[in-house]
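Down below is the structure, laid out as structure tokens.
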Amino acid sequence: VATIQEVLKSQVPQKQADLLALKKEHGDKVLGEVTVDQCIGGARGVKCMLWETSNLDAEEGIRFRGHTIPDCQQILPTFKGPAGPENGEPLLESLFWLLLTSEVPTKAEVDGLTADLHKRAASLPSHVVPLLNSLPKDMHPMTQFTIGLNAAQTGSAFAKAYQDGAPKTEYHEYVLEDVLNVVAQLPEIAATIYRNVYFDGVVSKDTSLDYSGNFCRMLGYDDKGFDELMRLYLCIHTDHEGGNASAHATHLVGSTLSDPYLAYAGGLNALAGPLHGLANQEVLGWIQGIQKQMADEGKEVNAETITQFTWDTLNAKKVIPGYGHAVLRKTDPRYSCQREFALKHMPDDELFKIVSTIYEVMPGILTEHGKTKNPYPNVDSHSGVLLWHYGFTQFQYYTVLFGVSRAVGALSQLYWDRALGLPLERPKSVTPEFIKKFCESQ
Ligand code: AMX
């Protein structure tokens, strides 16, 4: 059975040659132009970043190495073994393999990766958990998460190799070590925070399970339904092409040859913003806001009262969390697959019914409001209600789960950034005076 390191090693020379050939043949072609609106408006739609692992289509949504989420549910190995929805959701390790190598792994290969990650988890530096234990319980879990990951950076193989004078051509070998170690170590950092903030601080492992199952035990959940949810959750949050803030931040920081620990800590800080990953906590807060107000007013939460509450939010100049997207123009397939999961496992859940009613009315309201380019729900609109169903109600923590998953996509790409020798990222900025002068001279 091949290891992921062996598969990657055999792929690197060809990929390097392919990229060189692409540059040589097409290096001077124009991919697009940049308007003043785009320059001022957050570079929306500007094609200026290479990303291997996934691609996002505005209508169709995400493809991981060319595979949609429903494809992945058909072809990737599951906990029970062979691929296929009858055997449950894909394993995170299966998707990790696919994102890194672009190949669909066998169950034996995935099991090898699971065992390797369990082994690597034990190398979390011994000062990290005591440091996490010392943090104030009211510090936001995402802040604790980046502190934990930054602290684990003392174990970086790449940082050491760089100091020891490793040649450029070998960087990616050390980066791969770090990428695997970070992914392996994040569950313990994340679970320690959860157990510290909300419970007794005790983290128990079960390495007879897969990555997600073991993570659930570490968080303190022992429920096969929740294990399956976590497998799906961790798969769908991994990657969303390169331009989103967490992936882009990881890529940018890594381009300075910061090691994968520091680079992904940058990604986590971006994920912690309410317009990005923190939206999953905001959604639950928003729904609770409706529930409380309606309870106070003796009213039901239904299409009519949700509509009123939505307008109140919009009129207060706030966004509706979980709706809208910078690229997508249709319902996010990550939303749809979570909805499928809910319909299958919890069709009568009260909160799910509220989320469904929101989905019925929100696109119409946002369209009438007339601002957002995409009135449909994104991934964060649905994830919280599923967690809540299994008793995971500490929604201030939800973005940490997103962060465990996003590491897999952002760091798979970071491996290829170094294997392909991609350079320091450094776009050109311009002053308002420049724009004015330049445009007036046209
Ligand atoms: N509610 C209210 N207004 C919204 C809105 C929403 N859900 N989504 C967009 N708008 C507004 C914008 O604030 C902007 O208003 P402005 O002109 O006054 O500045 C206008 O509509 C145009 O925005 P856009 O081009 O449609 O979106 P964008 O690319 O600038 O931003 C996003 C995308 C996701 C930040 C935005 O849709 C938003 O704030 N959504 C709510 C937060 C959210 O769910 N974030 C999670 C996204 C997924 C993820 O990263 N995990």
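Sequence positions in the sequence shown follow the UniProt record's numbering and run 38 to 479.
Heads up, the beta-carbon is just placed ideally off N, CA and C, and yes, glycines get one too.
Heavy atom of the ligand AMX less than 8 Å from the Cβ of residue i, yes or no?
i          : result
Lys408     : yes
residue 31 : Because the chain in this structure spans residues 38 to 479, residue 31 falls outside the shown range and cannot be described.
Glu319     : yes
Leu424     : no
Pro311     : yes
Val445     : no
Pro358     : yes
Arg81      : yes
Ser373     : no
Asp385     : no
Ala363     : yes
Asn411     : yes
Ala282     : yes
Asn187     : no
Leu403     : yes
Ser418     : yes
Asn415     : yes
Gly322     : no
Leu351     : yes
Gly314     : yes
Phe439     : yes
In terms of DSSP beta bridges, what is residue i paired with?
i      : result
Tyr360 : Pro414
Gly98  : Asp94
His104 : Phe101
Would DSSP call residue i helix, strand or coil?
i           : result
Phe236      : coil
Asn92       : strand
Asn317      : helix
Ala332      : helix
Glu67       : One detail in the question is off: residue 67 reads as Val in this sequence, not Glu. Here Val67 sits in coil by DSSP.
Phe378      : helix
Phe429      : coil
Gln450      : helix
residue 501 : The requested residue 501 is not part of the displayed model; the chain covers only 38 to 479.
Glu207      : helix
Gln190      : helix
His177      : coil
Met255      : helix
Met399      : helix
Gly421      : helix
Thr72       : coil
Ala353      : coil
Glu225      : helix
Lys465      : coil
Asn339      : coil
Gly202      : coil
Leu459      : coil
Val220      : helix
Ser249      : helix
Gln48       : helix
Cys109      : helix
Asp55       : helix
Asp215      : helix
Cys85       : coil
Ser478      : coil
Ser241      : coil
Leu172      : coil
Ala80       : coil
Thr368      : coil
Lys408      : coil
Is residue i near the ligand ATP - that is, is its Cβ less than 8 Å away from at least one heavy atom of it?
i      : result
Asp243 : What this structure holds is the ligand AMX, not the ligand ATP.
Comparing the C-beta of residue i with each C-beta of chain B, is any distance below 9 Å?
i     : result
Trp88 : The structure shown has no chain B; it contains just one protein chain.
**Report entry** Residue ranges of each alpha helix (DSSP H) within the segment 111 to 167, 4 or longer
**Finding:** 129 to 138, 144 to 158
Query raised in the report: Can you list, in chain order, the stretches of the alpha helix (DSSP H) that have 4 or more residues and sit fully within the segment 264 to 330?
Result: 282 to 291, 297 to 308
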